[in-house]
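Residue numbers (the working numbering): 3 to 105.
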């Protein structure tokens, strides 16, 4: 879908395969970035504070432990490495579940 939407920006003087691969790789990297754990605080938590700073102990408890964060980072690194180093067809097959709705 993304490639179709961007088709009008494709330069016909350039090869098509690298262009479509770049779109796919960018979508995959965007997905990996979106899966990164970020600390969050809800509107209800903000409203409950009555203009007082939120309880950082509660907020920190919702964050992953250092071990969990390291494991997730290692998993992301292994996934990126696998995608970058696998043959073209295998890479396409591995990326497609992540971007099936996007392509």
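Beta carbons are placed, not taken as given, at the ideal position from N, Cα and C, and that holds for glycine.
- Query: In this structure, does DSSP put residue 69 in helix, strand or coil?
  - Reply: helix
- Query: Buried or exposed: residue 26, going by 16 or more other Cβ atoms within 10 Å of its Cβ?
  - Reply: buried
- Query: My guess is that residue 29 and residue 4 are in contact by the Cβ rule of under 8 Å, so how many angstroms apart are they, rounded?
  - Reply: 6 Å
- Task: For residue 8, collect the residues of the same chain with a Cβ closer than 8 Å to its Cβ; drop the 5 residues on either side in sequence, then sort them by chain order.
- Result: 25
- Please go through the same chain and pick out, in chain order, the residues whose beta-carbon is closer than 8 Å to the beta-carbon of residue 18, but skip the five residues on each side of it. 12
- Message: According to DSSP, simplified to helix, strand and coil, what is residue 8?
- Response: coil
- Query: Any idea what DSSP makes of residue 27, helix, strand or coil?
  - Reply: helix
- Task: Have a look at residue 106 and residue 69 and give me their C-alpha separation to the nearest angstrom.
- Result: Residue 106 falls outside the range modelled here, since the chain spans only 3 to 105, and no answer is possible.
- Rounded Cβ spacing between residue 34 and residue 73 (contact assumed at less than 8 Å): Contact annotation, residue 34 with residue 73: C-beta distance approximately 15 Å; criterion of less than 8 Å not satisfied.
- Query: With DSSP run on the structure shown, which of helix, strand or coil describes residue 37?
  - Reply: coil
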